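Counted the way my numbering counts, the sequence shown spans residues 232 to 378. A virtual CB, placed ideally from N, CA and C, is assigned to each residue, including glycine. Given the structure is predicted, the values throughout are model-derived calculations rather than measurements. Here is the structure we will look at.
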Amino acid sequence: MDLIKTARTLILEAAQARLVLILRASGYATDAGQCVFAGEITAIGPDDPEQAISVVLGIDTPGRPLTQVPIQISALARADIDEPWLAAEAILGDIRTAMETTDRTLGGLVKTMEKGSVQPYPREPGSTVVGVTITYLATYVDWWGHL
Numbered sequence: 232m233d234l235i236k237t238a239r240t241l242i243l244e245a246a247q248a249r250l251v252l253i254l255r256a257s258g259y260a261t262d263a264g265q266c267v268f269a270g271e272i273t274a275i276g277p278d279d280p281e282q283a284i285s286v287v288l289g290i291d292t293p294g295r296p297l298t299q300v301p302i303q304i305s306a307l308a309r310a311d312i313d314e315p316w317l318a319a320e321a322i323l324g325d326i327r328t329a330m331e332t333t334d335r336t337l338g339g340l341v342k343t344m345e346k347g348s349v350q351p352y353p354r355e356p357g358s359t360v361v362g363v364t365i366t367y368l369a370t371y372v373d374w375w376g377h378l
């Protein structure tokens, strides 16, 4: 059975497709694109890459026909590396380049995409991850019955 993809799913996939291109070989400062997750990351283990990116869609602000969804992208580094906060900031720079310097309609999926806030990634005591999260506000058409 084929699953029907919602507009939210397509937006998430479009963001991921950009983020996996974050590689030094492509001119970026980091190789964080080697490890892109949909969803929150609570730990990066010693056998995992030192850098990662996670993408989470936030709570919609519904409207008809336009709905706004936050795309929360986290630049993450293992806490046990030298200067993990600087690594996270370098990843953040790469994320901004990937998301802000090309088509901001995500291939026509969204009407507009605006940069929102940047904030520290939530860190529980003993967490193996440090980072920062940038939010983009994507506005898309959401008609009744339209996925």
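### Message
Closer than 8 Å is the cut-off here; do at least three beta carbon pairs connect the stretch 310-318 with the stretch 331-343?
### Response
no
### When Ser358, Lys346, Gly338 are compared against Leu241, the one with the closest alpha-carbon
Gly338
#### Entry: CB contact flag (Ile326, Ala306, <8 Å)
yes
### Query
Span of the alpha helix (DSSP H) holding Thr240?
238-250
### Query
How is Ser257 classed by DSSP in three states: helix, strand or coil?
helix
#### Entry: Where Gln282 falls, given that 16 or more other Cβ within 10 Å makes a residue buried
buried
### Query
With a Cβ-Cβ cutoff of 8 Å, do Leu297 and Thr370 count as a contact?
yes
#### Entry: Endpoints, the beta strand (DSSP E) within which Gly347 is located
343-351
### Query
From Arg295 to Ala308, what does the alpha carbon distance come to, in whole angstroms?
39 Å
### Query
Is the Cβ-Cβ distance between Thr261 and Ala321 less than 8 Å?
yes
### Query
Within 10 angstroms of its Cβ, does Arg249 collect 16 or more other Cβ (buried), or is it exposed?
buried
### Message
Taking the straight line between their C-alpha atoms, what separation do you get for Gln303 and Cys266?
### Response
16 Å
#### Entry: Beta-carbon proximity of Val372 to Lys342, cut-off 8 Å
yes
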